[in-house]
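Notes to accompany the following structure.
Protein chains: 2
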Amino acid sequence: MDCLSRLRKNIETKVAISDEDFSKIASYFRRQHLKKKKDLLRIGDTCDELAFVCKGALRSYSMDARGVEHVVQIALEDYWMADLYSYLNNTPSNIAIDAIEDAEILLIKYNDVDTMCLEFPSMERFFRKLVEKAYSATLQRINSVKSLPAEDRYKNLLKNQPELLQRIPLIYIASYLGMTPESLSRIRKNV
Amino acid sequence: MDCLSRLRKNIETKVAISDEDFSKIASYFRRQHLKKKKDLLRIGDTCDELAFVCKGALRSYSMDARGVEHVVQIALEDYWMADLYSYLNNTPSNIAIDAIEDAEILLIKYNDVDTMCLEFPSMERFFRKLVEKAYSATLQRINSVKSLPAEDRYKNLLKNQPELLQRIPLIYIASYLGMTPESLSRIRKNV
DNA sequence: CGTTTGCTTGAATTCTGTCAAAGCAGGTGG
DNA sequence: CCACCTGCTTTGACAGAATTCAAGCAAACG
Numbered sequence: 002m003d004c005l006s007r008l009r010k011n012i013e014t015k016v017a018i019s020d021e022d023f024s025k026i027a028s029y030f031r032r033q034h035l036k037k038k039k040d041l042l043r044i045g046d047t048c049d050e051l052a053f054v055c056k057g058a059l060r061s062y063s064m065d066a067r068g069v070e071h072v073v074q075i076a077l078e079d080y081w082m083a084d085l086y087s088y089l090n091n092t093p094s095n096i097a098i099d100a101i102e103d104a105e106i107l108l109i110k111y112n113d114v115d116t117m118c119l120e121f122p123s124m125e126r127f128f129r130k131l132v133e134k135a136y137s138a139t140l141q142r143i144n145s146v147k148s149l150p151a152e153d154r155y156k157n158l159l160k161n162q163p164e165l166l167q168r169i170p171l172i173y174i175a176s177y178l179g180m181t182p183e184s185l186s187r188i189r190k191n192v
Numbered sequence: 002m003d004c005l006s007r008l009r010k011n012i013e014t015k016v017a018i019s020d021e022d023f024s025k026i027a028s029y030f031r032r033q034h035l036k037k038k039k040d041l042l043r044i045g046d047t048c049d050e051l052a053f054v055c056k057g058a059l060r061s062y063s064m065d066a067r068g069v070e071h072v073v074q075i076a077l078e079d080y081w082m083a084d085l086y087s088y089l090n091n092t093p094s095n096i097a098i099d100a101i102e103d104a105e106i107l108l109i110k111y112n113d114v115d116t117m118c119l120e121f122p123s124m125e126r127f128f129r130k131l132v133e134k135a136y137s138a139t140l141q142r143i144n145s146v147k148s149l150p151a152e153d154r155y156k157n158l159l160k161n162q163p164e165l166l167q168r169i170p171l172i173y174i175a176s177y178l179g180m181t182p183e184s185l186s187r188i189r190k191n192v
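Those protein sequences? They're chains A and B, same order as listed. Each residue of the first sequence is one higher than the last, beginning at 2 in my numbering. Each residue of the second sequence is one higher than the last, beginning at 2 in my numbering.
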């Protein structure tokens with residue numbers, strides 16, 4: 002399926018949209034190919050774009066004081082990715098975004114999101130619902146990181162997002178789950 | 002300041018609103034007093050309301066398999082609180098909400114949020130921006146829980162939300178920070 | 001007052017991380 | 001087409017951070 006069809010399908014999971022409106026909406030986006038390991042956003046740059054993944058996989062990660070990477074999010078097809086914090090506060094980003102697999106993405110400038118939302122109220126609604134859902138999922142995740150032992154966090158991922166385990170190297174999964182690759186490896190041996 | 006003025010001020014940090022519109026918007030909310038320790042939402046109930054805190058403090062918490070409580074969020078004045086997950090998925094809630102201090106709150110049914118947003122596009126925009134901000138803060142928090150040792154998490158809270166430490170019992174703070182009260186106590190002795 | 005709630009301290013334990021090393025792909029270039 | 005990297009995964013031994021369990025104390029509350 003081509004990029005724009007994926008986008009449209011994604012939008013229509015939450016709001017209805019006419020052919021005419023969609024073609025105008027689509028024109029706000031630009032398409033980009035991103036090779037594996039290439040950066041979409043570097044730490045220190047200001048994030049001013051929102052990405053929709055049509056194909057491949059992105060990750061966002063931060064770096065702690067000792068230089069260790071921590072995966073914040075992993076985005077497969079149909080996921081949205083950005084550093085909202087950097088954008089909302091207009092500050093240099095503390096996180097970086099790169100491609101775990103070769104990726105096709107659609108990009109839209111944040112300022113254009115605001116403009117587009119004023120032009121198309123249904124897009125305002127779409128983004129509200131999108132962010133609500135992402136927010137609630139993230140709250141669940143905090144809870145899981147804080148209240149579950151490493152093994153249970155892995156089991157939950159296995160149950161809820163098995164596709165990640167089939168595609169994404171375990172070093173990234175481990176970091177996403179908040180543990181070392183060594184710990185994850187030992188846990189997998191026991192399960 | 003009375004409840005509705007607080008609400009209006011909160012909304013106007015993000016969007017402009019006329020007197021006439023605000024009085025209609027206000028009519029969607031109902032006011033409630035909540036005594037310390039009393040529940041707003043119990044685990045297992047379905048959450049269908051969103052709360053705005055005018056006075057006092059609420060917390061949301063989950064319970065793990067061993068019966069240990071884990072504080073998810075603490076909401077002081079001008080914060081919004083709900084179990085979005087329960088609402089969005091229309092499932093019984095895994096979290097409970099109660100009052101840490103006697104509280105005055107404004108409540109709105111989620112269905113009314115949707116209706117109100119259709120009637121007032123600026124409210125749709127308000128909620129989008131509100132949730133965006135909460136979402137980005139939560140992503141930061143995941144990062145902090147995962148990548149910082151307990152002592153640094155405490156120091157960050159001390160820097161960013163010192164008002165919590167002045168008002169909220171340390172047992173809740175400890176749980177919010179993802180550590181035991183004993184650990185927090187030892188950390189505070191060293192700092 | 002007596003009871004509850006919150007906070008602190010100590011000692012033992014457990015989980016997870018750290019460090020070091022080795023094996024095993026899969027991809028690349030000669 | 002093969003040899004060699006490089007990136008990923010696994011294993012073992014050890015260290016360290018944080019939890020658990022137990023107890024005591026102060027302050028708040030009814």
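We put the CB at the ideal spot given by N, CA and C, even for glycine.
Please state whether the Cβ-Cβ distance between residue i and residue j is less than 8 Å.
i, j, result
"B/Phe128", "B/Ile26", "no"
"A/Ser63", "B/Asn91", "no"
"B/Ile169", "B/Ile96", "no"
"A/Leu108", "A/Phe30", "yes"
"A/Leu166", "A/Leu159", "yes"
"B/Tyr88", "B/Asp46", "no"
"B/Lys56", "B/Glu105", "yes"
"B/Ala83", "B/Ala58", "no"
"A/Asp79", "A/Asn11", "yes"
"B/Asp99", "B/Arg142", "no"
"B/Ser123", "B/Leu42", "no"
"B/Val72", "B/Ser186", "no"
"B/Arg67", "A/Glu125", "no"
"A/Val132", "B/Val132", "yes"
"B/Lys36", "B/Asp103", "yes"
So residue i packs on residue j, CB below 8 Å; how close in whole Å?
i, j, result
"B/Leu51", "B/Tyr111", "6 Å"
"A/Pro182", "A/Ile172", "5 Å"
"A/Lys156", "A/Val192", "7 Å"
"B/Leu195", "A/Thr139", "This structure gives no information on residue 195 of chain B, because the portion of chain B shown stretches from 2 to 192."
"A/Ile174", "A/Ala151", "Actually they do not touch by this definition, with Cβ atoms about 12 Å apart."
"B/Arg9", "B/Phe23", "6 Å"
Give the residues of chain B in contact with residue i, contact being defined as C-beta atoms less than 7 Å apart.
i, result
"A/Phe128", "Arg129"
"A/Val146", "Ile143, Val146 and Lys147"
Just the chain B side, please: which residues come within less than 9 Å of residue i by C-beta, in chain order?
i, result
"A/Ile75", "By Cβ distance, chain B contributes nothing, its closest Cβ being about 13 Å from A/Ile75, past 9 Å."
Report the partner residues of residue i according to the DSSP bridge assignment.
i, result
"B/Ile26", "DSSP, once it has assigned bridges, lists no residue as partnering B/Ile26."
"A/Met64", "A/Glu70"
"B/Lys39", "According to DSSP, B/Lys39 bridges with nothing at all."
"B/Leu59", "B/Ala76 and B/Ala100"
"A/Val54", "A/Ile106"
"B/Arg195", "Nothing about residue 195 of chain B can be read from this structure; chain B reaches only from 2 to 192."
Which residues in chain A sit within 9 Å of residue i, going by Cβ to Cβ distance?
i, result
"B/Pro163", "Under the 9 Å cutoff, chain A gives no residues; its nearest Cβ is about 20 Å from B/Pro163."
"B/Val16", "Correct list: empty, because the minimum Cβ distance to chain A is about 11 Å."
"B/Arg142", "Thr139 and Ile143"
"B/Gly179", "Ile143, Val146, Lys147 and Ser148"
"B/Leu85", "Glu133, Lys134, Tyr136, Ser137 and Leu140"
What in chain A is Cβ-close to residue i, meaning under 7 Å?
i, result
"B/Leu89", "Glu133, Lys134 and Ser137"
"B/Asp113", "Per Cβ cutoff of 7 Å: no residues; B/Asp113 is ~15 Å from chain A at best."
"B/Ser63", "Asn144 and Ser148"
Just the chain B side, please: which residues come within less than 8 Å of residue i by C-beta, in chain order?
i, result
"A/Cys118", "Arg126 and Arg129"
"A/Pro122", "Pro122 and Glu125"
"A/His71", "Asn144, Lys147 and Ser148"
Which whole runs of the alpha helix (DSSP H) in the stretch 78-127 of chain A are 4 residues long or more, in chain order? 85-90 and 111-120
Contained alpha helix (DSSP H) runs [length at least 4] in the stretch 126-183 of chain B, N- to C-terminal order: 151-161, 163-168 and 171-178
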